[in-house]
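K.L.:
First the structure, then my questions, so here it is.
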Amino acid sequence: MPQINTGDFRKGTKVMVEGDPYDMLECNFVKPGKGQALYKTRLRNLLKGTILDRTYKSGDSLEAADIRKSDAQYLYRDSTGYVFMDQESFEQYTIPTAVCEDDAKFLLEGAICNLLYWNNQPIGMTPPQHAIMAITYVEPAARGNTAGNVTKPATVETGAIVQVPAFVEMGDKIKVNAQTGEYVERVKE
């Protein structure tokens, strides 16, 4: 693998540290009064999700991680995790439930996601930006409570709960930001 010099460190750079792939979350250049320049970095382990703070001297280098992204279609969930089909090779991969539990709250069958691969093995998933979901349960709006920005909890077809405006009713379809879990708009059919 190629080496990445400290001068090329940027947010989003994927590097290897102690045999694990890491994503660089921050990189700050520090030039003390005397001595060598320093690069203070904050790294997130792509396999475990842990955060690591490291300082590197000017002239140091790290090995680049063999990370790639590819589109994949979500097929179904089984006892071991979420099953995806790569859109290029048509191979099926299972990502453990613990890895993508938070990202999969608004995942509908057939949705196109981004899979993150390390050494040709999937290690993570990014859901589509928006999902259109049907409301399966919501409390009726209180009469006369129309002033201001009133919201109420609603359950969508995947079982996730979204805060929606008071005018949304059961059976409505809404657009949800799948990455933040926020209501975007009501969808007309």
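Per the working numbering, the sequence shown starts with residue 785, numbered consecutively.
Glycine is no exception: its CB is placed at the ideal position from the N, C-alpha and C atoms.
Nothing here was measured: the structure is a model prediction, and the numbers come from that model.
1) Classify alanine 856: buried if its beta carbon has 16 or more other beta carbons within 10 angstroms, exposed otherwise.
2) Only counting the same chain, and skipping five residues up and downstream in sequence, which positions put a Cβ closer than 7 Å to that of lysine 795?
3) Count the other CB atoms within 10 Å of the CB of lysine 798; is the residue buried (16 or more) or exposed (fewer)?
4) Run through the stretch 802-866 for me and flag every whole alpha helix (DSSP H) of 4 or more residues, listed as ranges in chain order.
5) Buried or exposed: which applies to methionine 909, given that a residue is buried once 16 or more other Cβ atoms fall within 10 Å of its Cβ?
6) If you drop the 5 nearest sequence neighbours on each side, which residues of the same chain put their C-beta closer than 8 Å to that of glutamate 893?
7) Tell me where the alpha helix (DSSP H) around valine 883 begins and ends.
8) Which parts of the stretch 870-917 are runs of the beta strand (DSSP E), unbroken and 3 residues or longer, counting only runs that do not cross its ends?
P.N.:
Taking the geometry as given:
1) Here the question's residue 856 lines up with position 72 in the sequence shown. Buried, since its Cβ has 16 or more Cβ neighbours within 10 Å.
2) Walking along the sequence shown from the start, residue 795 turns up at place 11. The residues are Met808, Leu809, Glu810, Cys811.
3) Taking the first residue of the sequence shown as position 1, residue 798 is located at position 14. Classification for lysine 798: buried.
4) none
5) Position 125 of the sequence shown, counted from the start, is the residue given in the question as residue 909. Methionine 909 comes out buried.
6) Working through the sequence shown from its first residue, we reach residue 893 at position 109. For glutamate 893, where only same-chain residues beyond five positions count, the Cβ hits under 8 Å are Tyr858, Leu859, Tyr860.
7) Stepping through the sequence shown from its first residue, residue 883 is reached at position 99. 881-884 is the extent of the alpha helix (DSSP H) around valine 883.
8) 876-880, 896-902, 905-910
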